[in-house]
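Participant:
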Amino acid sequence: MSYQAEYNKSIETPEAFWGEKAEAIEWFKKPETILSKDENGIDRWFADGEMNTAYLALDYHVENGRADQLAMIYDSPVTDTKRKLTYRELRDEVAKFAGVLKSQGVEKGDRVVVYMPMIPEAVVAMLAVARLGAIHSVVFGGFAPHELAVRIDDAEPKVVVTASCGIEISKVIEYKPLLDSAMEKSAHKPNACVVLQRPEVTATLIEGRDIDWATAMETAEPADCVPVKGTDPLYVLYTSGTTGKPKGVVRDNGGHAVALKYSMKAIYNMDAGDVFWAASDVGWVVGHSYIVYGPLLAGCTTVVYEGKPVRTPDAGAFWRVCAEYGCKALFAAPTAFRAIKKEDPDAVLLANYDLSKLETIFMAGERLDPPTYHWTVEKTGKPVIDHWWQTETGWSICGNMTGIELKEPKPGSSTVPVPGFNVQILDTEGNELPAGEQGSIALKLPLPPSCLPTVWGDFERFRTGYLSEFPGYYCSGDGGYKDEDGYVFIMGRTDDVINVAGHRLSTGEMEEIVAGHDAVAECAVIGINDPLKGQQPVGLVLLKNGVDIEEDALEAELVALVRQEIGAVACFKRAIVVQRLPKTRSGKILRKLLRQIADGKDYTIPSTIDDPASLPEIQEIMGSHGLVSA
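Below is the structure:
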């Protein structure tokens, strides 16, 4: 079937289309109702089906001839460690750790927070939670105590699973002190914490609360898979919100499994037995979908990599992993390839490795700029596929369907809508715009399987945040356009969430932290273009009257504050003192206009501006600090 025929069928007869795709997974009880409405009036998929995602990812393959095939390859250049697990070995380890969690009272519907580095045990923990029909919430290892505490209070986990440390290029980050601090800050107190002791650091365990992973595994009774409904939650994953409070994106079991199984062939052209490498982290949605669940649902071998694209040990790290394990596909954020390009611009190190088995390189997480696209294509000789998706959808909204029909790529475009996603470009009134005109990117309802049905514990936030702006549509929060061939071009966020090296971060949250400094009267944090990371946050700060502080000293203190509250992932390194900020008469800071100034773009002075003279003044200050693009 051609792409267009497949796509048309998914839009015109979605129930028939997804009912057919649901046949590809092994249900305990096949769904009779493919699409229905829940109590909030939201479309839900496979509500009366019964299944278990961990069973589909592991036990099913063990029972159907893949028990001795590699399920996972762990490669850790930062610890000089490698490990391989077959489907049987991984299934057995997951079943035992599910027994550990079960012994701590974890049952169907309970939450478990996983706060771990990129190690096999992180994958084991996630799958063990799913095996019990419980709900995992993975928090990126090393997140600051405040951020972790906020998530603990929102998810209210019965158990937290962690490791003694994570390892960066030049340092070891102890996780246990961060977790202990978060537990002190949080109002909700989990019953227990399971701690994996790594060789690099031995964590101090708190008697009566903390449990040693290895000791618990020695006596654990393997736990069976617990059946869940198709609409029961598999996980909650927090993504930045513009208010500062993170949003808990909820993922259903049934729709998630059906969509990811379909995507592995349709988008990535992967078959059972192939080696797939998503160079991400389990703390992000890419790690959930394409390190853990997607490859295992499809019977592939997944690579878990604890390292960086550069300096572990060099800019040939990605090519080494692809060659050593025979990866058929590599998936990473554009920032990874920009880092490689910066360190090895002529790709000299690439010549050391045989990439004959690597068929395709996929990029997502931020806009793939044409220079990075062209460099990667030129140096590797491989097709480079840009695709666009969100934490909220769990899989690609737009892409090049390499398993159905490979289209000619257009640099700067994520190609065409994926089957199931009715992508529209709308004006401010909700009218569809013609080809070439920029507007808000919205998805006409119903959304396909795997997309969020709510925000954890706050349906009203889901409704107002995603469904209210354009009735009958999901508002993506991104802007862009379609060309005359139907290719979609994503031009950036329409809100105040920025994308730093593929990580969505809230400028509103950073502003709260910066504004909390004693010397600061008011501030704005904006994302400015960065050739390596895509965007970098910069703070524009107004001082309180009478405050006497050196600008360099203030900047250092603000950087330290943001790092303490959010973590190094925020990449907040610049804070500039300004005399005033451009605002509307109602007092709203014109952040979009500030971004346009920083990006060197033409801008229109809005009629609502309070003080037009503030613009040339701030443009001069930003320019003097090198913050205005040429």
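Counting from 1, one number per residue, gives the positions in the sequence shown under UniProt numbering.
Virtual Cβ for every residue (Gly too), placed ideally from N, Cα, C.
All values reported here derive from a predicted model rather than from experimental measurement.
Label Gly-105 either buried or exposed according to how many other C-beta atoms from any shown protein chain fall within 10 Å of its C-beta, with 16 as the threshold for buried.
Facilitator: Exposed, by the Cβ-count rule.
Participant: Closest to Leu-594 by C-alpha separation, out of Leu-296, Ile-404, Glu-620, would be which residue?
Facilitator: Glu-620
Participant: Please confirm whether Asp-75 and Lys-82 have their CB atoms less than 7 Å apart.
Facilitator: Lys-82 is positioned such that its CB atom lies closer than 7 Å to that of Asp-75.
Participant: Taking all protein chains shown into account, do 16 or more other C-beta atoms lie within 10 angstroms of the C-beta of Phe-28, making it buried, or fewer, making it exposed?
Facilitator: exposed
Participant: Using DSSP with H/G/I as helix, E/B as strand and the rest coil, what is Thr-312?
Facilitator: coil
Participant: Any heavy atom of the ligand COA closer than 6 Å to the CB of His-387?
Facilitator: As presented, the structure is devoid of all ligands, the ligand COA included, so that no description of it is given.
Participant: Should Asp-427 go down as buried or exposed, given a rule of 16 or more other Cβ atoms within 10 Å for buried?
Facilitator: exposed
Participant: Is it buried or exposed for Ile-206, if we count other Cβ within 10 angstroms and need 16 for buried?
Facilitator: exposed
Participant: Are Pro-334 and Thr-372 touching if we call contact CB-CB under 7 Å?
Facilitator: yes
Participant: Just to confirm the assignment, what range does the beta strand (DSSP E) spanning His-288 have?
Facilitator: Note, His-288: premise wrong, no beta strand (DSSP E); not H, not E.
Participant: In three-state terms, what does DSSP make of Gly-105?
Facilitator: coil
Participant: Pick out the complete beta strand (DSSP E) segments inside the region 70-129, 3 residues or longer, and give them in chain order.
Facilitator: 70-76, 81-86, 111-115
Participant: Given that a residue counts as buried once 16 or more other Cβ atoms are within 10 Å of its Cβ, and exposed if not, what is residue 633?
Facilitator: Given that the chain is displayed from residue 1 to residue 630, the structure contains no residue 633 and the question cannot be resolved.
Participant: If you compare alpha carbons, which of Leu-540, Gly-502, Glu-20, Ala-329 is closest to Val-275?
Facilitator: Of all alpha-carbon atoms in Leu-540, Gly-502, Glu-20, Ala-329, the one lying nearest the alpha-carbon of Val-275 is that of Ala-329.
Participant: Can you give the Cα-Cα distance for Gln-390 and Arg-44, rounded to whole angstroms?
Facilitator: 19 Å
Participant: DSSP three-state call for Leu-260: helix, strand or coil?
Facilitator: helix
Participant: How many Å lie between Pro-417 and Lys-482 at the Cα?
Facilitator: 10 Å
Participant: Closest to Phe-362 by CA distance: which of Arg-493, Ser-280, Phe-17, Leu-296 is it?
Facilitator: Ser-280 is the residue among Arg-493, Ser-280, Phe-17, Leu-296 whose C-alpha sits nearest the C-alpha of Phe-362.
Participant: Within 10 Å of its beta-carbon, does Ser-414 have 16 or more other beta-carbons around it, so buried, or fewer, so exposed?
Facilitator: buried
Participant: Taking the continuous alpha helix (DSSP H) assigned at Phe-362, which residues delimit it?
Facilitator: That residue, Phe-362, is in no alpha helix (DSSP H); its beta strand (DSSP E) goes 360-363.
Participant: What are the start and end residues of the alpha helix (DSSP H) that includes Phe-318?
Facilitator: 317-325
Participant: For the pair the region 218-235 and the region 183-200, tell me if three or more CB-CB distances fall below 8 Å.
Facilitator: no
Participant: Closer than 8 Å by C-beta to Pro-14: which residues in its own chain qualify, once you throw out the five before and the five after it? Chain order, please.
Facilitator: Leu-35, Gly-420, Pro-446, Pro-448
Participant: For Glu-469, which residues of its own chain have a beta-carbon under 7 Å away from its beta-carbon, when the five flanking residues on both sides are left out?
Facilitator: Cys-475
Participant: Quick check: the Cα distance between Val-578 and Gly-479, rounded to an integer number of angstroms?
Facilitator: 29 Å
Participant: In whole angstroms, give me the CA-to-CA distance for Pro-120 and Leu-355.
Facilitator: 25 Å
Participant: Roughly how many angstroms lie between the CA atoms of Ser-103 and Ala-125, to the nearest whole one?
Facilitator: 14 Å
Participant: Around the Cβ of Thr-202, are there at least 16 other Cβ atoms within 10 angstroms (buried) or fewer (exposed)?
Facilitator: exposed
Participant: So Pro-77 and Gly-294 are supposed to be a Cβ contact under 8 Å. How far apart are they, rounded?
Facilitator: 24 Å between Cβ atoms; not a contact.
Participant: To the nearest angstrom, how far is the alpha carbon of residue 671 from that of Cys-225?
Facilitator: Past the edges of the chain, shown from 1 to 630, lies residue 671, and the structure says nothing about it.
Participant: If we call anything under 7 Å between Cβ atoms a contact, is Asp-610 one with Ser-629?
Facilitator: The answer is no: Cβ separation not under 7 Å.
Participant: For Ser-468, write down the residues that DSSP places opposite it in a beta bridge.
Facilitator: In DSSP, Ser-468 forms no bridge with anything.
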